[in-house]
Amino acid sequence: VSAKNDSALAQRLTDAVDRAQAKVVFAVAETAKANKDYAEAKAKAVASTAKYNAALAEYKACYNDAVTFGVEASKLPPVVTSDPLAPNFEDVPGATKA
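Quick note: the sequence shown, position 42, residue 42 per UniProt numbering, numbers continuous.
This is the structure we're talking about:
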């Protein structure tokens, strides 16, 4: 580029910078939205895990009470302690999906 004032080149460069800045603003906004969505989903998952763990503790207590009262343990459903958020978590028999 020569030392002369090239207003067309300057305008093209300004336009390119403006477009790049617009893409940065968009990417930052999308990242913020994704982070918010992730935080909400994670909070729901943590809350679900806490509810599951509370229900499991209650089930175990009831199971133990039944055994205490002479119920044959082999006829009771098994106590499952796997993580419901794990990818290999099996569906509960008889449960329906929402």
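For glycine and all other residues, C-beta sits at the position ideal for the given N, C-alpha and C.
Keep in mind that this is a model prediction, so the values were computed, not measured.
With distances taken between CA atoms, Lys75 lies nearest to Tyr63 out of Tyr63, Lys4, Asp83 and Leu85.
With a cutoff of 7 Å on beta-carbon distance, Ala45 and Leu85 are scored as near each other. Under the criterion of beta carbons closer than 8 Å, Ala73 and Val67 qualify as touching, at roughly 5 Å.
Rounded to whole angstroms, Val17 and Lys36 show a C-alpha spacing of 29 Å.
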